[in-house]
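A.B. asks:
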Amino acid sequence: MDIKITNGQLTATINPKGAELNSLKNDSTEFIWEGDPEFWGKHSPVLFPIVGTLKNNSYLYKGQVHALSRHGFARDNVFNLKEQTESTATFTLSSNNDTKIQYPFDFELELKYTLQNNTLRLDYFVTNKGDEAMPFSIGAHPAFALPGNFRDYSLKFEKNEPLVSTQLENDLISDKTVTLPAQDGILPLSYDLFKNDALIFKQLESDAITIQKNGSDYIKVSFPDFPHMGIWTKQDAPFLCIEPWQGYSDAATSLGNLIEKEGIVLLEPGKQYSAGFTVAVFS
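The sequence shown lines up with residues 7 to 289 when you count with this note's numbering.
1. Classify D33 as buried or exposed, calling it buried when 16 or more other Cβ atoms lie within 10 Å of its own Cβ.
2. According to DSSP, Q189 sits in a beta bridge with which residue or residues?
3. With distances taken from CA atoms, which of L193, L99 and L66 is nearest L261?
4. Our contact map puts L126 next to L161 with C-beta atoms below 8 angstroms; I'd like the distance itself, whole angstroms only.
5. For the alpha helix (DSSP H) holding Q108, just list the boundary residues, first then last.
6. With a floor of 3 residues, list each beta strand (DSSP E) that falls wholly inside the region 194-259, ordered by position along the chain.
7. So, are the CB atoms of T12 and L121 less than 8 angstroms apart?
8. Take every Cβ of the region 175-190, pair it with every Cβ of the region 127-138, and state whether three or more of those distances are shorter than 8 angstroms.
9. Would you call the CB atoms of L115 and L99 closer than 8 angstroms?
10. Using DSSP's beta-bridge definition, name the partner residues of S160.
11. Am I right that G78 and L117 are in contact with their C-beta atoms under 8 angstroms? What's the rounded C-beta distance?
12. Between the Cα of G269 and the Cα atoms of K277, V287 and P233, which residue gives the shortest distance?
13. Tell me the rounded alpha-carbon separation between M7 and A151.
14. Is the region 204-215 touching the region 91-98, taking contact as three or more C-beta pairs under 8 angstroms?
15. Under the rule that 16 or more other beta-carbon atoms within 10 Å means buried, what is I56, buried or exposed?
16. Less than 8 angstroms between the CB atoms is what I'm expecting for V227 and Q252, so what's the real figure, rounded?
17. Along the chain, where does the beta strand (DSSP E) containing R127 start, and where does it finish?
18. Below 8 angstroms on the Cβ atoms is my contact criterion, and I expect T17 with K23 to pass it. Report the Cβ-Cβ distance as a whole number of Å.
Structure below.
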């Protein structure tokens with residue numbers, strides 16, 4: 007059964023499978039993509055314990071090869087509802103025999119959703135329950151519904167900076183980059199931007215990106231805890247994903263060692279990692 011939280015101004019619905027945000031709406035507008043499988047059958051999956059694609063969908067750890075599919079397994083597992091109030095919900099996923107086949111580490115992953123005024127906050131907590139350093143990446147993949155003409159929308163970056171996107175090659179990070187045609191921090195949206203798949207920013211000065219519709223603020227995603235960013239849609243799809251990441255796909259030249267992977271976090275035994283981002287809506 008989906009879990010619903012509200013603060014009188016916003017209502018959010020979360021599916022315990024993947025602790026996935028399925029809906030975020032006010033009285034007049036639904037802001038989360040409906041999940042039509044004709045384009046993309048998800049809404050806002052959590053990416054853990056990797057972000058993106060591993061070379062050969064596998065990695066090397068202590069001399070052994072482990073298979074792990076794109077974006078990891080958390081999005082496909084049912085989380086436990088740990089705590090719920092009217093405007094908050096907290097979900098947990100712990101390592102088990104099935105997860106250890108793909109990822110031989112003891113962990114607890116906790117997601118907390120909080121509604122306040124016109125904003126949803128999502129906090130991630132990763133705890134290393136084992137006795138050795140645990141390598142992982144984590145990220146968000148929220149898809150925002152953009153009804154109407156896609157070209158009516160633009161992205162406003164918090165800072166006026168060169169927008170250098172690293173290009174993908176067979177789902178892996180290449181050594182090629184492209185500088186996007188932004189002016190004064192504004193990037194008009196078009197499907198041509200995504201003809202080579204997602205835009206990937208290894209570095210951004212901005213800690214926030216605002217989707218604007220006809221020049222007015224529509225949705226603002228703030229992500230000061232996340233160093234990397236992905237932005238993605240599919241041809242003719244009426245949605246846009248703004249994805250705060252810690253980590254990204256393997257490089258095309260990767261040797262597969264998980265400990266040496268770019269963007270990986272090494273969490274010491276007994277320690278906890280935390281990061282969060284917010285989604286503010288203006289319609």
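Glycine included, every Cβ here is placed at the ideal spot set by N, Cα and C.
C.D. replies: From the atom records:
1. exposed
2. Beta-bridge pairing links Q189 to I192.
3. L66
4. Contact flag wrong, Cβ pair sits at about 19 angstroms.
5. N103 to Q108
6. 205-207, 214-219, 222-228, 234-238 and 245-252
7. yes
8. no
9. yes
10. P194 and Q218
11. About 14 angstroms separates the two Cβ atoms, so there is no contact after all.
12. Of K277, V287 and P233, the residue nearest in Cα terms is P233.
13. 23 angstroms
14. Short answer: they don't touch.
15. Its Cβ being crowded by 16 or more others within 10 Å, I56 is buried.
16. Incorrect: roughly 15 angstroms between the Cβ atoms, too far for contact.
17. Where R127 is concerned, the enclosing beta strand (DSSP E) starts and stops at T125 to N134.
18. That belief does not hold up - the Cβ atoms of T17 and K23 are roughly 19 angstroms apart, past 8 angstroms.
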